[in-house]
Each structure stands twice: as structure tokens, then as C-alpha cells.
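Trainee: For the sequence shown, counting from 1, position 251 maps to 241 in my numbering; every step adds exactly one.
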Amino acid sequence: MGNIVQSPYGADNNFFHHVTADSDRSVEWELKPQIFDSLLTKSFSPNTNFTLKIVMRMFLSQVPTNWGTDMYLRSVAVSQRRSLDPKARYGYHRDSDNRFAIVKGWTTSEWDEFLFAFDTQAARWDRKFWIIPPDDFNLFDIKSGNSNVRPNIACEFDIAYVGASENPHIKVQVANIHDPNEFFRSHMTLYSSEGRHLGEMASMDPITGLVRSHFNYSTIAHEIGHAIGLPHIGVIRSRPKCKLAVVLNDLSLADKLGPLTAALYKGGSNSNVCYGSMSPNDDAENVMGMGSKFAVENASPWLERLPFHIRTPIDIKKWKISLSEAPPMSLVFK
Ligand SMILES: [Zn+2]
-9 MGNIVQSPYG ADNNFFHHVT ADSDRSVEWE LKPQIFDSLL TKSFSPNTNF TLKIVMRMFL
51 SQVPTNWGTD MYLRSVAVSQ RRSLDPKARY GYHRDSDNRF AIVKGWTTSE WDEFLFAFDT
111 QAARWDRKFW IIPPDDFNLF DIKSGNSNVR PNIACEFDIA YVGASENPHI KVQVANIHDP
171 NEFFRSHMTL YSSEGRHLGE MASMDPITGL VRSHFNYSTI AHEIGHAIGL PHIGVIRSRP
231 KCKLAVVLND LSLADKLGPL TAALYKGGSN SNVCYGSMSP NDDAENVMGM GSKFAVENAS
291 PWLERLPFHI RTPIDIKKWK ISLSEAPPMS LVFK
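Rendered as C-alpha cells:
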């Protein structure tokens, strides 16, 4: 994951408090996805869990527009009898499918509304998982009367908004889309103003072939999942159809498929089958599919960071994930 710096936890030799990861996303991002800071906070009370907070330093900026493009677009709009807001400034921007979209400059109130939605949707990742230590791990134990309790770890998430020169982990641009009916495909570092709304997505049931709807889909939460290192749910769960899509893509065969098959398989790990179409419903419902739900596999950014905070070697395969709040465990000694 690149260079990391581990800061000690005061005089405590068991843990590292703060782990910072370098912000170089320029090279082979997928090979070192865990580019974020993390903070382990100990508990000193038998009623309180430890916390492991992921902090993503993000530079969020507006897709710019300029007068030259604005003038050109206005002349085209006049010839097409399309109306443009006389007070706005317009420009072009390519989406992640390389399609041109007309974008406009942000007003203060539009930007504020977007930032509020962004913060709210990003917070979906906060306190969704609790990591439970294995039986033979006792470094967290706290004495409580005559017995011990063993705290679990609450997984937290936060974004620190920083400037471009303040070493961001990720730089994200947001395009203010002129026509909300025009499809604009986001990716990890390019969002659309339409992302402030929650969406409805559709997948295909593998048994019946019927269309299933998934509500409350948040593009922002999904893209943040990518930014903390998670691929699509079909990749996470090694689904055969998703693997096939990746192979077809690698062999450049996707274009030779018929249109219906292509709609499902085109795009490799970004294909519909990797988002959970033609998968059990639970896949498509996932935040890294087309839905809004969280599953234990989505906790891997926290779980994989944990060994960097604990000075004793640990085997994270023995640590469990709970999707509901798991209070500290009372230990009974016989
Ligand atoms: Zn995605």
C-alpha cells in the first residue's frame, strides 16, 4: 500500500495509535488500494469498545468551466433552439465512459447542497462493522471487578476535506450536470452533481430472468467503497459470471457478444454481472453492487488495516465481523 508511517500509542507498547499512508495514487492504484489514514483508539472502560477510524483526506473540487467554451456552447444552443441559463457559465466534460456532457459552473447554494449530500452519504460507511477478536487474543482486556471484559472494535469512517496542496489521499472532481436526464457515469475521482440524489437500480434475477429493483442506491457511498479499496461485489465474492466477464474483457471478446449478453458482460470488472446482475439478490443489494446494504466482506479495509495497529503479529482470518453493534464481552474464567 505504499509508504506507511506508524505513530506509537504513548507509552503503550502493544499498539500503534495513528497509521498514515502515502498519497501517491499515480501508479497501479489497484495494487495498493489501502491509501488512507487510520486511528486506533483504546477503551479504558468496560462498557466501551475500541474504535478503528479510517480517515480519507480528500480534495473535493468543482469541474471548471471557461468563457471560451461557454460562448461556443451558447452559439450551438441557439442554433438548436435549446435554452441555457443566461447567468450560468457552461462547459464540456467527459464522463468515465468518455461521453461528453454539458456542465455548468456551480453556484454557492448548489455546491453547499452537494457537500451536505456528500457528507451524509459518505457517512453510510461509519459504524457499520464491529471487529471481534479471537478467543486467544487478550491485549484489549480490561479488568472489571473480579472479572475481565474484552472490548470489540467499532469501525468508523470520516473524510477530512483538505486543499490540493495538503497531501490529499484522493482528488475528486464534481461535474455540475446541465441536463439531469442525460446519463453521466461517475468513477472514483469524478462525481456528478446528480449523485446528491439516491437512485434506483435494476438487476436481473438469474433464475426467472425478471428485473429486480434496488432503491436508495448511493453513487457516492459506492465510489467511496472503491476509494477505500473495495472492488465490485462480484469480484469480492469471486462470482463465476463476473470472472467470465473479466476474461472476456481481457481477450477483447466482449464486443463479439450479442447485444443482450453484451449488456450483462461488457466492461470486465465493471460489467453488470460484477455489480450483481444475474447473481443471488443479496449481491445486487450490496453497496458494492447496485444497492445500499453492507455485508461482512465490506469490512475488509478496516480488518486489513488492523495488523498495522497491533505490534504483535495477528492472523486477521481469525477475527470476526459483526454487522450490528457488539458490546464488550464479559470473560468468565473457570
Ligand atoms: Zn463501481
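We treat Cβ as the ideally placed atom computed from N, Cα and C, and that holds for glycine.
Any residue with its C-beta under 6 angstroms from a non-hydrogen atom of ligand 1 counts. Can you list them all in chain order?
Mentor: The filter returns 212, 216, 222, in chain order.
Trainee: Could you pull the DSSP bridge partners for residue 120 from this structure?
Mentor: Here residue 120 is taken as the residue at index 130 of the sequence shown, counted from 1. DSSP lists 144, 312 as partners of residue 120.
Trainee: To which residues of the same chain is residue 321 closer than 8 angstroms at the C-beta, ignoring the five residues directly before and after it?
Mentor: The residue labelled residue 321 in the question sits at position 331 within the sequence shown. Closer than 8 angstroms at the Cβ level, and outside the excluded window around residue 321, lie 131, 137, 138, 139, 140.
Trainee: Rounded to the nearest angstrom, what separates residue 225 and residue 135 at their Cα positions?
Mentor: By 1-based counting over the sequence shown, the position of residue 225 is 235. By 1-based counting over the sequence shown, the position of residue 135 is 145. Spanning the two alpha carbons is a distance of roughly 47 angstroms.
Trainee: May I ask you to report which of helix, strand or coil DSSP gives residue 44?
Mentor: The residue you call residue 44 lines up with position 54 of the sequence shown. Three-state DSSP puts residue 44 in a strand.
Trainee: Looking at the unbroken alpha helix (DSSP H) that takes in residue 215, where does it start and where does it end?
Mentor: Here residue 215 refers to the residue found at position 225 when the sequence shown is read from its first residue. That run of the alpha helix (DSSP H) goes 209 to 217.
Trainee: From residue 292 to residue 62, what distance separates their C-alpha atoms?
Mentor: Counting from one through the sequence shown, the residue named residue 292 turns up at place 302. Counting from one through the sequence shown, the residue named residue 62 turns up at place 72. Distance between the alpha carbons of residue 292 and residue 62 is about 48 angstroms.
Trainee: Of all the options 11, 243, 183, 6, which has the alpha carbon lying nearest to the alpha carbon of residue 169?
Mentor: Numbered from 1 along the sequence shown, position 179 holds the residue referred to as residue 169. Checked all of 11, 243, 183, 6; the closest Cα to residue 169 is 183.
Trainee: When DSSP builds the beta bridges, which residues end up paired with residue 325?
Mentor: What the structure shows of the chain is the stretch from -9 to 324, and residue 325 is not part of that stretch, so it cannot be assessed.
Trainee: Under three-state DSSP, which class holds residue 249?
Mentor: Within the sequence shown, the letter at position 259 stands for residue 249. Residue state, collapsed to three classes: helix.
Trainee: Which residue or residues does DSSP assign as beta-bridge partners of residue 329?
Mentor: Residue 329 lies beyond the stretch modelled for the chain, which goes from -9 to 324, so this question has no answer here.
Trainee: Counting along the chain, where does the alpha helix (DSSP H) carrying residue 295 start and finish?
Mentor: Position 305 of the sequence shown, counted from the start, is the residue given in the question as residue 295. Here the alpha helix (DSSP H) through residue 295 covers 290 to 295.
Trainee: Smallest Cα separation from residue 148: which of 287, 214, 36?
Mentor: Position 158 of the sequence shown, counted from the start, is the residue given in the question as residue 148. Residue 214 is the option with its Cα nearest to residue 148.
Trainee: In this structure, how does DSSP classify residue 178 when only helix, strand and coil are distinguished?
Mentor: For this step, residue 178 is matched to residue 188 along the sequence shown. Three-state result, residue 178: coil.
Trainee: Whole-angstrom Cβ separation of residue 309 and residue 123, contact assumed at under 8 angstroms?
Mentor: Reading the sequence shown from its first residue, position 319 is the one you call residue 309. Reading the sequence shown from its first residue, position 133 is the one you call residue 123. That belief holds up - the Cβ atoms of residue 309 and residue 123 are roughly 6 angstroms apart, short of 8 angstroms.
Trainee: By how many angstroms is the C-alpha of residue 233 removed from the C-alpha of residue 192?
Mentor: Indexing the sequence shown from 1 puts residue 192 at position 202. Indexing the sequence shown from 1 puts residue 233 at position 243. Straight-line Cα distance between these residues: approximately 21 angstroms.
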